[in-house]
Every structure is written in structure tokens, then in C-alpha cells.
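Okay, structure first, notes after.
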Amino acid sequence: MGYDSHNTYPTFKPIDHIYDDRLRQFTNTGGQYPSLNLPKFYDLQRQELSNLQSYRVPDIDGKTQRPLFKDIDFANVEWENIGLGYSFGPSWKTFWVKFELEIPKDWLKYERLEIDWDSSSEALIYNSKGLPLQAFTGGGQRNLFEIPKLYRTTEKQVFYIEVACNGMFGNGAEGEPDPNRYFRLNKAHLVAPNMEARRLFWDFWIIGDAAREFPAGRVEKYQAADTATRIMNAFDPENVESITKCREIAKEYLGKNVDSEAVFEEKKKINIFGVGNCHIDTAWEWPFAETKRKIVRSWTTQLKLADQYPEYVFVASQMQQFKWLKQAQPEILEKIHQKFNTNQFIPLGGSWVENDTNLPNGESLIRQFVLGQRYLLNEFGFQSNIYWLPDTFGYSSQIPQICQISGVDRFLTQKLSWNNINTFPLSTFNWKGLDGSQVLVHMPPDNTYTAEANFGDVVRSQLQHKNMRDVPTGLLLYGHGDGGGGPTEDMIEKLRRCRGVSNEQGLLPSVELGVTIDEFYDHILEQSNDGKNLPTWTGEIYLEFHRGTYTVQAQIKKYMRLGEIKLHDLEFIAGLISLTNSQYKYPKQEIQDLWEDLCLCQFHDVLPGSCIGMVYYEEVYPMLGSLLEKADKLIYKAFESLKKPKTKEIRMLNTLAHDRSDEVIELDASTQPELVNALQKSGHKLHNNKVKINVSTVKGETKIHKKVKYPSKIETTSEGFTLSNGLLVAKISNTGIVTSLYDTIAQREVIDTTENAQTKQEGTKFVGGNQFILFDDEPLNFPAWDTELYSLEKFKLINATKAEILSEDPLESSILVTHQISPQSHVETVISLAGLNDPKSNNNFLKFASTVEWHETYKFLKVQFPTTINSALEASYETQFGITRRPTHFNTTWDTAKFEVCHHKFMDLSEYNYGVSVLNNGKYGGAIHGNLIRLSLLRSAKAPDNKADIGVHKFEYAIFPHRGPLSLATVKAGYNFNYKLIPTTQDISGFNNAIKFEGVGKRSSLVLSHIKRGEDDFDVNTYENIAKENAQYGKVGKDEKSVVVRVYEALGGVSRGKLTIDENILPVKKVLKVNALENEVVGEVKVGKGGVVDIELKAFEIATYKILLK
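With full-length UniProt numbering applied, the sequence shown corresponds to residues 1 to 1110, in that order.
What follows is the structure, given as C-alpha cells:
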């Protein structure tokens, strides 16, 4: 037939939007037409599981129990017969369901058999011997369990399903979880699915997306629409065989290989690397206890998926989670090892958990890697080269260096896409840290780590790449996450078909599976001249979101600071005693356990304060409270092993490397009777059952001063009080405001009393420092996470309601100031000034010790100090092993975004010849703008925990004026303010003399931050698979011991110091400069006469020295 000469019936042009809208009818199980479309043929056979029995695990002492399969005596529990419609609950409870499966003989002919289970909750199916097989997640996300070949038999088989009474995201987080949530059993069926119908469903899904989402004007869009229309027109609801014809039409568009991994074999330029993952928050809207089960559910399921799909690669981070899995289900970890050997299940990340990087101190960040890398090396035989942090709330300027010295040169994150002011301009780049170290960074352009592997995810993985002129390749991380789960069969099938579209049509970016994270980063390096052609971002990567996490849940912040200090002291004390006292055994496992607990609580929702309340009140606070108690007991036990001194003379153990002067210490006779008794015998008197002393520790020697050269005094004035010690003079109004702080040596006023909108309101009589401010705090999105810019415009200045002299003592004088915040809340603050002997003492500051009764709703309490420092364009904030400088102005939106920032022990505002630091002992939020320093104290968010911060809080801060710009004096003052001298009557001469450190030159800025035992020492190493023989160290004997010393440059310049080792106490074999993991040698360091080791570090360099002992 040729061209018709006549037209008897005209053909219309399809109306695109109407035809496109029709497409969803074909696969929709709802509405009016499912029986006339593909859903009619989804099942070949379906029957209800009719013999279900349920056992509810009882609480113990009112607490939910989550027993393992092996811990339940199933033969002696009470079973209840249940069926569809049964309600599991209430919230957080655990049920075990048992059923006998008997597959009809004529069903064995079908290609696939499944259990379809939907209890509206998380669940996990086990075989009769307790082997986990696969998770269910309820609500349609993952309801189907393909019965493996091993269980395809007509014989009766017993299976168990563990039902957790929570959804993937817990039980709600709008204040507190719903305690009475129940979960309905909607499905419990044995099913024989029509797999060709299911494959057509996947075909049509991607073809329909192409029709809707390809850009107008592209032929590929309209060809997809036409293909979808032809499939619908070819489908016959009365003839199941019509599915075959429909699939033939689909393959005209998708290609013939979409049913197997062969679709990825066509050689094509790769635009996108697709890798599966299931980000499991170690705690968030559920507790640690539930996370342990989420790990088993998620990873068991991924192992099954890896069996099914040869091209599937899955990655998982957080070595804490691997340890939990090994403890609970070692057989699943063994299966992971098998898939690791075939490159399908790859552990990575290097850290113990996916931790916060704003708040932990530098040693904690190193220990995240020490714990994570050593566990990974012991369990899997390698160290990770990537720091995996897809979801964290900001990125410290020292992360690149800490990564590099921990064996990591690659970094992945995604959270910057959440910025709420400026768009971060890069996707693939070099991130340069404070010292010049860099890591290769990629941020997945799809702006998620939980992609559902839809057509649009593939498009966005290239289209949203921020710097495509460099290396435009993107990484697609797909899989249900946060609450775990991971990829599904649907996701892999969709990606197969997306690749089919790329192969056949060419417009869609080409996605590749069967690739690893290493291969992706290797590709970037290959395409960018080993990264040299990539743009560089220098310094801190500030997240313009979640700024409230520096302050909310103040108790976890305080516990973390105390825990870090306590473990610092414990390792110093136990380490040196174990090397000088053969009768004392180093508590290696106990110390490692404490570090693991501390690092666990640095998870990026736990430490920032964004978990539900039960995480804190039932798990974290008891854990960290116990950590402090255990550490104290270990310190006491170590001290007890020391030889008893001849006299009961009180001594002060200084766990810091620098000398300390004019420390004021108060001892209580009721809790420290031996120490107080020793002081009384030397002439010190009790006052209110306490003894207050002024102490200096110089070159390891303790000196207790009965008198001071510059005594503290207090006077009452007409407007309030004057505190002075001859060096500083502080005037405090009767409303609690520091109206003047005068440095008599520098002849410099520190406090600015200029009235402006930030310092004066109606009803405030005085302007000055220590002004409490109460801000409205009503963020747009996430109450615990966020505080917003507009909150700075709505606040109330709080006046004191009472001020009185508390103590008048040459050693330390003080006044007590009371502020009534509201009818429910108040602050009592002791303002004190110590007497001094040394005019250059780092303790010459005005100190504030506050006790707050806090019962507010969406309020933010801060304290501010207007200063006379007016010309500084940048302020300095302590970060890990250094400082981060940030603008004091709002010139650009990038500057404005930093209206609330993070710091550690101090923040500082300095001009050329003078400056002011504010110290703290457990606060992290703050900001310096203009001449105004603000320290953030307490928030009162009501979600996800409506009890957050409610109650009593105690904290201290101080204003520390200093001559000259920021110097090591402030750094030392910050340490002194937090790390307390330890009083004892034991002989501690070995501590004082074993290792000494001092800077060389007047402007030395080196800090010795940590002294510990070597990780690979025979009496310290806890990992059996980590070899105790390391060729880099030479032959390591079975009894080798070492000391590790951490030193860093604190202020940003080349600096020198001198480490002196007393070889009568610690006989030195050699000194090595090593990486932070202590398993790579940077070089051997010369040991000079008298055990002297000369040290020179670059700006902000972190150095680790390993002293190998004879």
C-alpha cells in the first residue's frame, strides 16, 4: 500500500497534558480503574497467613525490653492467636509473631513467591533458627519478602517476625513521642506475583517520568509519551498475555537489556555513579536501643538485595554500628564479610560515628578516627580514605588537617544544600584547612543522601552540579535513610531502566551501578589533574542553618566538656603511672570503653541536642554520668598504687603542660576530709566547713599562698560595688551590670557604656557588661535546631532584682546578683575577682558563676559585654587545635549568615595593642559584632523534646582583658578555666618531672594538649587482628611501651618549643613523629642531651610524637 489519495477519517494530534495526565491510571491501585489496568494482574495467587500467633515482650521495671531471638524461650511464652486487623502496641513495645508456612504444591511452579507483610511498623523476619532474613518497614515502603530457594518447599516451616512498635521515624517528635501509638496489621499474605506485570510496572514508571520530566522541545520527551500511550492501548484487562506485547513496546524505548545487569555493559560515558546506602542516625527520633535493631533490619535486607542484583554496591559507615551488630548478630556480620570480599558491601567513613564537628574538642575528633580506623582495620583489614558525613551541622576549619593525619584525604557531605541564606557555590572541590592541608570534597548534586532513584534524581545528579566546567560527574546516593532501610528492589530496577533510556535515547545522564566510592573519587582525580584543576574553598565551611544546636540541650554540652577533660586527665595519670609502677596495670579496656561512649554521644543529633528526650534522659545522661564516675574511680585507683609519702602534705597535680599561678581552690571538709585536714595542719582555717587557698604550680612544684601580693578587695558605693585587686578594678551596679572594668597596668577601660539599641532599653538604668538578654526564639522550621536572624531584633534586657556582698577575702572577693527573668525563671550569679601574686597571671579575670532556674518557652538567654575594642574587623573563636576568625560586621550576606557561631573555651576581640577574651566552661554558641561580645547560655525549644533545658543549670564564664592582641595567654587561660588542678596527698613527683614542655621565644604559641599511652603498646592494644609488630617502628618487642604526646600551634604562625623527657623516669629508645593514628612514621626526631626534643611547627599544625621506651 502506498499513500492514500483520500482521507475518510481525520487523525487528531494528541493533547499532551491530557495524555500525560492519563498515564498514572495505568499503574494506580486506587481510584476507579485498577481492575481495568495493570494492577489487575499484579498477583497470580494470594492467600492469607492463617495461623499467626503473637507474643508481647513484657516490660521490666516499667522499661521497654528488646530481647534478642536467642534470649527468648519461645517454647514457654504465652502466645495469642491473631489475624489481620490486630493492633500491636503501644509505642516502643516489642512483639514476636510466629507462623507456619505451608506452600501449596502447585505454587512451586511460579517464578517467585513472597510474604506480603504490613504491620504499619518496622519488623524483621527470621527463620526457625533465629537467622534474620529481611526487614519490613510498613506502609508500602518495603512489604515484600521473596522466599529464597532454600525455603521453597511444601513442607511446613516455622518463621518468626519481630515487630517493633515504631515507624521508620519513631513515634513522633513534636515535643515528645506519642506514648500510645498502635500499629495495625494490614497485610499478612503468601503471594505468587506476576513478575512480568511487575517488570512492566517498572518499565512504565520510567517511561512515564521521561514523558513528564524531559524538557519541552526534546523529541525524547514526546517519544516517551507516545510509547506510554501505545502500551496503555495495547493492554487488554481480559488477557494477561497482553503484558508481553506491552513489554515489547516498552523495550523499543528502554532497550532489550533492562531486566538484567547487562544494561550497564554498553560502553558509554559515565555521568553519574550510583551507590546504595542507608544513612542510619545512631539516635534521633528513636533511642540507641532501637538503632541496634535498625542496623540488623537494614543491613540484613541489603545483603539479600546484593544476592539478587550482581551490580548492586552498598556502603555503610559508623564503626560503632558494626560493633553493635557483631555483639547482637555476628552471623550477619559474617555475611557482610562475604559481600565485602565481592565488593558489594563496603564499610567506610573512618570515624566511630557520623559525628558533629563543631562541638567536640580536637582530641575527640582525632579519637573518632582512632576508634573508627582501628576497628575497621581489625575487622576488615583496611583503613578508610574517606570521611563520610552526609548529614552534620557545620564543618570545622581543622577538619582537613585532622583527616589527613588520620589517613583520610576524601570527604563527603550533603548538608550544605540546606543553607538558608547563601547557596554554596561548589559541588566538587578542594577544601583547604587552617594549616594548608586539603581534602577532596564532593557534595551529591541531587542534594540528598536518601534519593529514591527516580528519573528526577538521575537528572538532578548532573543538572544541579555547581561547577560542571571542572568535573561534571555526580554521585547519586540512593536508599531510604535517616531511619535506615536502604535501597529497595524498585530503586535498582528504576536505575536499570534509566540507564536503558540513556543507552537508547541519549538525553538522560548515564548512571552506572557496580561502582564504588573509591572509583568515583579516583575518576574525579583522573579528570582534574589529581585535583589541581578543581576550585578551592579555604577555612571553615559554615552551615547557614541549625545554629541553635550550639546551645540547645545544655546538659549534653556540659557533660561532653567534662568528659573530654576527665579522659584527658585519666590518660595522663594512668599512662604515666603504668610506665613508672610495675605493680599498676593500665586499664586499657576500661579507657577504650569510656572513649567509645564519649564518641558515641558526639553523634550529629545527640551532642547538638536535636534528639527526642528519651535519648537524653534514658540513655545519654546516665551514660555520661557513669563515664565521669568510672573515670574518677580509675583515677583514684591509679593514685592508690603510688607510694605513700612520708608526710601528709597537700600537692596539686597539674595535668596541663604549662605552669599555673594564682589558682583559687576551695576544698570541702565533708567530701575531702584528708585534704582539708592537711591544710588545717599547715595553718589554713575553715570557713563554712570549707578551706579556700591560692595555689601555683611552677616547674612541677606546688606552692600554696597564705597571702597574696595583690589582694582582692570589695567596696560598697552609692551605685553598687567595686571589686579590685590592684590590677583590675571592676564596678558593678546594683542592677548587676559591670559598668567599668579598668586595667590599671595598661591604664585601659575595657567596658563601653555607650547607649544604643543593643545596650539600652526603657527601664535599664545602667549600660555595661554582664547584661543578660532574653531573646524571642521562634525559628521557621526546626525548633531545637534553628535560631533565626530576626530574633536579634526582639529581646528584653534583664535587670538584677538583688545584689549583695557574698565574700570579702584577700584570696577572692565576690558579690551575689539575682536576676528575675520571669515569674518562673531566675539567675543567681556570683561575680568574683581573685587576689594575685603574679601580675602576669592568666587568672586575672572577672569571673561569673551562674545558677539558673530555667522554665521558659521559646526564649534564648544570652549575656553580653560591650567593649572598647572598636576597630577589629574580625574576631577570633577557639576551634579544635586553633582559632577560626570571623567577621565582626554584616557587609555581605555571607557575613550576615554568621550571626550565631560556634566556639570552644574562648572567643576574643582584639586590636593591635589590646584585647578582650570571654572564657567559658561549657558553652559553645556566641557572636561578636562591632564591639559587642555575646555568649549564648540557654534555649527553650519545645520540639523534638518539650522538656529540653528545663530545670537548673550551673555554668561559669569570665571576661579576660589582655595587653596586646590575642596570644597564648588567652589559650592558657581557657585551659586553666576548664582543667582544674587535682589536689592530693600522694607523691606525684613522677608526673611533674617525667615530661616537660615549654615554648621557645617570647611569642611561642605551641600547646602540649595531650599525653597518653601508645595505641599499639602490648598492654594497651585491644585488637587481636592489629599486628603488634610494625616495620616502621623497627622490631617491636612483646613488652614494648611508649608515650604519645600531642602538640599543636594555637594561633597561626611558625613556632618552636622544647620537650624534655626525664630519662631516669622514662628511658627513651627513640622519638618518632607519627600520624594521629600512630601507625605511620613522619620521621624520627633527634633526642638531645638531657632528653631534650626540639619542636618546630607550622601555623596551626597538629603534631603527634611517639616516645618509644627502652
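Think of the CB as a built atom: it goes at the ideal place given N, C-alpha and C, for glycine as much as any other residue. Predicted, not measured: the structure shown is a model, and the values here were computed from it.
- In the three-state scheme derived from DSSP, where H, G and I count as helix and E and B as strand, C902 is classed as strand.
- Listed in chain order, the non-local C-beta contacts of A451 below 7 Å within the same chain comprise D457, L476, L477, Y478, local neighbours out to five positions each way being set aside.
- Taking the Cβ atoms as the reference, G736 lies roughly 6 Å from A803, within the contact range of under 8 Å.
- E493 and Y253 have their C-alpha atoms roughly 15 Å apart.
- Between G700 and R651, the alpha-carbon positions lie close to 10 Å from each other.
- Put simply, the segment 121-138 touches the segment 290-298. At least three CB pairs are less than 8 Å apart.
- For T896, the closest alpha carbon among the candidates E749, A927, S917 is that of A927.
- Only residues of its own chain outside the window of five on either side were considered, and among them R184, L185 have a CB closer than 7 Å to the CB of G85, listed in chain order.
- Between K840 and A730, the gap from beta carbon to beta carbon reaches 9 Å or more.
- DSSP places F235 in no beta strand (DSSP E); its state is neither H nor E.
- Taking all protein chains in view, the Cβ of M614 is crowded by 16 or more other Cβ atoms within 10 Å, so the residue is classified as buried.
- For A897, DSSP records no beta bridge to any residue.
- Under DSSP, P887 takes part in a beta bridge, and its partners are E874.
- By the C-beta density criterion, S120 is buried, having at least 16 other C-beta atoms within 10 angstroms.
- In the DSSP assignment, F411 falls outside any alpha helix (DSSP H) and lies within the beta strand (DSSP E) extending over 410-412.
- The beta carbon of I635 lies closer than 7 Å to those of D569, L570, I573 in the same chain, with the five residues before and after it left out.
- In terms of CA proximity to I541, W894 leads the group E238, K466, W205, W894.
- Shown here, F848 sits in a strand according to DSSP, grouped into three states.
- Taking a contact to require three or more Cβ pairs closer than 8 Å, the segment 758-766 and the segment 978-988 do not qualify as touching.
- As computed with DSSP, Y584 is found in no beta bridge at all.
- In the assembly as shown, P444 is a buried residue. Its beta-carbon has 16 or more other beta-carbons within 10 Å.
- Here A757 carries a coil assignment [DSSP, helix/strand/coil].
- Of all alpha-carbon atoms in L371, L966, Q223, F159, the one lying nearest the alpha-carbon of L598 is that of L371.
- DSSP places Q462 within a helical segment (H, G or I) once states are collapsed to three.
- For G349, same chain residues with a beta-carbon under 6 Å away, outside a window of 5 residues either side, are S317, S384, W388 in chain order.
- The alpha carbon of N756 has as its nearest neighbour, out of L797, L789, D743, L741, the alpha carbon of L797.
- Judged by pairs of C-beta atoms under 8 Å, the segment 505-514 touches the segment 302-318, as three or more such pairs exist.
- G276 counts as buried, since at least 16 other C-beta atoms from the protein chains shown sit within 10 angstroms of its C-beta.
- In the pairwise beta carbon analysis, the segment 741-757 is classified as not touching the segment 776-788: fewer than three pairs are separated by under 8 Å.
- Straight across, the Cα-Cα distance linking I72 with G381 is about 34 Å.
- The beta carbon of D605 sits closer than 7 Å to those of D281, A283, W284, C611, all from its chain and outside the five residues before and after it, given in chain order.
- In this structure W79 is exposed. Its beta-carbon is surrounded by fewer than 16 other beta-carbon atoms within 10 angstroms.
- A check of alpha carbon separations from N870 across N843, W854, L909, F890 identifies L909 as the nearest.
- R218 counts as exposed, since fewer than 16 other C-beta atoms from the protein chains shown sit within 10 angstroms of its C-beta.
- A Cβ-Cβ contact shorter than 9 Å links F848 with Y957.
- Under DSSP, W117 shares a beta bridge with A188.
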